[in-house]
Amino acid sequence: MTPDVRDGLVCGPKAILARWTMFSLYFDDVYVDLQGLEKGRVGNSVVATTITSITISSNSLRLVFPQLVEKGGADSVISLADKLRGQRLEVRGSVVFEWDNTIGRVSKMRSQSDMLTPLLRVFGSLEDASRVFDGAMVTPDCVWPQGLL
31 MTPDVRDGLV
41 CGPKAILARW
51 TMFSLYFDDV
61 YVDLQGLEKG
71 RVGNSVVATT
81 ITSITISSNS
91 LRLVFPQLVE
101 KGGADSVISL
111 ADKLRGQRLE
121 VRGSVVFEWD
131 NTIGRVSKMR
141 SQSDMLTPLL
151 RVFGSLEDAS
161 RVFDGAMVTP
171 DCVWPQGLL
């Protein structure tokens, strides 16, 4: 990787590694399974498709979905937390690695993941799955606010 490699939010290999480390602290039993690699559509890029398996722990609820466990929350919100706790989610995603030919290193990365679909499987309704993201620290497409990851 180039010293100034970017992932869309942070710059540099150490910052990117720190984000991955934080992700592994937010969820239990993180496992990334590489499904495939293919040449990208743009320039010299490679697209890695993945399935990331995570377990929602009490720590995940507190740090990622705090609105589900805050004191004084509605009973229906607390029941969402109870249903989510302990669930093993398979989050499908991809990472595009852009290659810089002049120095022979990765210069940019872009990742995207779908957290909504596995939550639809858990809750069985779009309404409940969307309520999980209302006030969450992550979006349905697995975007984290700057500084959180």
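Counting in my numbering, the sequence shown runs from 31 upward without gaps. Yeah, the Cβ is synthetic: ideal placement off N, Cα and C, and Gly gets one too.
Problem set entry | Burial state of MET145 (16 or more Cβ within 10 Å) | buried
Exercise. Secondary structure at THR147, three-state DSSP: helix, strand or coil?
Worked result: helix
Exercise. Can you name the start and end residues of the beta strand (DSSP E) that PHE118 belongs to?
Worked result: Note on residue identity: the sequence assigns Arg, not Phe, to residue 118. Here the beta strand (DSSP E) through ARG118 covers 118-130.
Exercise. Roughly how far, in whole angstroms, is the beta-carbon of MET52 from the beta-carbon of PRO43, given that I think they are within contact range, below 8 Å?
Worked result: Actually they do not touch by this definition, with Cβ atoms about 15 Å apart.
Problem set entry | SER90 and ARG122 closer than 9 Å at C-beta | no
Exercise. Are the segment 130-139 and the segment 152-172 touching, with three or more C-beta to C-beta distances below 8 Å?
Worked result: no
Problem set entry | ALA78 - containing beta strand (DSSP E), residue span | 75-85
For this session: Kindly indicate which three-state DSSP category MET31 falls into: helix, strand or coil?
Result: coil
Exercise. Taking C-alpha atoms, which residue in PRO96, ASP58, SER137 lies nearest to ASP37?
Worked result: SER137
Problem set entry | One or two residues paired with TYR56 in a DSSP bridge | Beta-bridge pairing links TYR56 to no other residue.
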